[in-house]
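First to last, the protein sequences are chains A and B. Residues in the first sequence are numbered consecutively from 1, following this note's numbering. Residues in the second sequence are numbered consecutively from 133, following this note's numbering. Backbone N, C-alpha and C fix where the C-beta goes; we use that ideal spot for every residue, glycine too. Written out below as structure tokens is the structure these notes cover.
2 protein chains.
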Amino acid sequence: MPTMTAAQRRERARTEYDAFLAACPTRKLLDRLSDKWVTLILAALANGPLRYGDLSRKIAGVSQKMLTQTLRSLERDGLVTRTVTMSVPVRVDYELTELGLSLQAVMLSVKRWAEANIESVEAARAAYDTAS
Amino acid sequence: MPTMTAAQRRERARTEYDAFLAACPTRKLLDRLSDKWVTLILAALANGPLRYGDLSRKIAGVSQKMLTQTLRSLERDGLVTRTVTMSVPVRVDYELTELGLSLQAVMLSVKRWAEANIESVEAARAAYDTAS
DNA sequence: CTGAATCCGTGGCGATACTG
DNA sequence: CAGTATCGCCACGGATTCAG
Chain A
1 MPTMTAAQRR
11 ERARTEYDAF
21 LAACPTRKLL
31 DRLSDKWVTL
41 ILAALANGPL
51 RYGDLSRKIA
61 GVSQKMLTQT
71 LRSLERDGLV
81 TRTVTMSVPV
91 RVDYELTELG
101 LSLQAVMLSV
111 KRWAEANIES
121 VEAARAAYDT
131 AS
Chain B
133 MPTMTAAQRR
143 ERARTEYDAF
153 LAACPTRKLL
163 DRLSDKWVTL
173 ILAALANGPL
183 RYGDLSRKIA
193 GVSQKMLTQT
203 LRSLERDGLV
213 TRTVTMSVPV
223 RVDYELTELG
233 LSLQAVMLSV
243 KRWAEANIES
253 VEAARAAYDT
263 AS
């Protein structure tokens, strides 16, 4: 077991866990990733660390509460780091961890899919609505 | 414009739309994709069409209401087809469309990421909780 | 500037019962 | 078998206010 590489351990984990099972912890993790703001925050941090205010401005429409709350959960899950620089006023930077970076790659493809296929989806909706 | 290929149109769409903007339609689409059940349903349909009951059983813990509701929205968005076979009893099959297939590839990587990295996340949580 | 704390409405979602 | 209809809870999330 100690001779396993990280990649081997991940592969073993992938076959052991199954999100189709309701009781599986991955189900809950999947729920968290299925968060309104997670994808956008990860995408916003793609080009390096950002300050709280920058994030708030970049992700239009997010409330202070949800931004802070989502950042906290991301930090707790080991996806972002929070660095406080004691000064006046205080400066706080958020940056993707290595783990966060690997997830960011995945979520970015989701965001890109949405932006690339929105027109197809809207066309399908129009067709569906007129048919009914 | 009519000389553009589908790929060109998608690329153009991707640069025109920006999910960071609150008013952008892709923001709403991203919200829908950020659904508890969408990922699991798409993943469940990966190996070909499935009947309603099969889906219900494969995705443990989903209520009838949410399964039906999510399937309807997926159908409306042109991601799955719903085929009714009139017989007694009725038989209904759900199958990914071409568009749904392209999204499924993306969402499957999310599901796999969760299953592969759940242990890292749980370790980070434990560390975070003891630190506080 | 970066939050924490509180109030509070809305709708997401599960449970249950009923139908073709 | 594959849904629809209805009820009811509570938690998600916005707005606002206070604080270090």
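Residues near residue i in its chain [Cβ-Cβ closer than 8 Å; skip 5 each side]
{"i": "L67 of chain A", "result": "W37, I41, Y52, L55, S56, I59"}
{"i": "T229 of chain B", "result": "G210, L211, V212, T213"}
{"i": "L233 of chain B", "result": "none"}
CB-CB length for residue i against residue j, believed under 8 Å
{"i": "R208 of chain B", "j": "A124 of chain A", "result": "7 Å"}
{"i": "L103 of chain A", "j": "G78 of chain A", "result": "That belief does not hold up - the Cβ atoms of L103 of chain A and G78 of chain A are roughly 10 Å apart, past 8 Å."}
{"i": "S34 of chain A", "j": "D167 of chain B", "result": "6 Å"}
{"i": "P157 of chain B", "j": "E122 of chain A", "result": "7 Å"}
{"i": "V224 of chain B", "j": "T215 of chain B", "result": "7 Å"}
{"i": "A175 of chain B", "j": "M239 of chain B", "result": "7 Å"}
Burial state of residue i, where buried means 16 or more other Cβ atoms lie within 10 Å
{"i": "K243 of chain B", "result": "buried"}
{"i": "T85 of chain A", "result": "exposed"}
{"i": "T202 of chain B", "result": "buried"}
{"i": "L206 of chain B", "result": "buried"}
{"i": "T39 of chain A", "result": "buried"}
{"i": "A126 of chain A", "result": "exposed"}
{"i": "L177 of chain B", "result": "buried"}
{"i": "A6 of chain A", "result": "exposed"}
{"i": "S252 of chain B", "result": "buried"}
Cut-off 6 Å between Cβ atoms - residues of its own chain near residue i, not counting five sequence neighbours on either side
{"i": "E95 of chain A", "result": "P49, T81"}
Cut-off 7 Å between Cβ atoms - residues of its own chain near residue i, not counting five sequence neighbours on either side
{"i": "V62 of chain A", "result": "W37, S56"}
{"i": "N179 of chain B", "result": "none"}
Which of the residues in the region 46-74 of chain A, read from start to end, lie with their CB under 7 Å from any CB of chain B?
K58, I59, A60, G61
Can at least three beta-carbon pairs, one atom from the region 112-131 of chain A and one from the region 158-165 of chain B, be found at a separation below 8 Å?
yes
Any C-beta of chain A within less than 8 Å: which residues of the region 231-259 of chain B qualify?
L231, S234, L235, V238, M239, S241, V242, K243, R244, W245, A246, E247, A248, N249, I250, E251, S252, V253, E254, A255, A256, R257, A259
Near-chain B residues of the region 24-45 of chain A (beta-carbon distance less than 8 Å), N- to C-terminal order:
P25, T26, R27, L29, L30, D31, L33, S34, D35, K36, V38, T39, L40, A43, A44
What are the residues in the region 206-226 of chain B lying within 9 Å of chain A by C-beta distance?
E207, R208, D209, G210, L211
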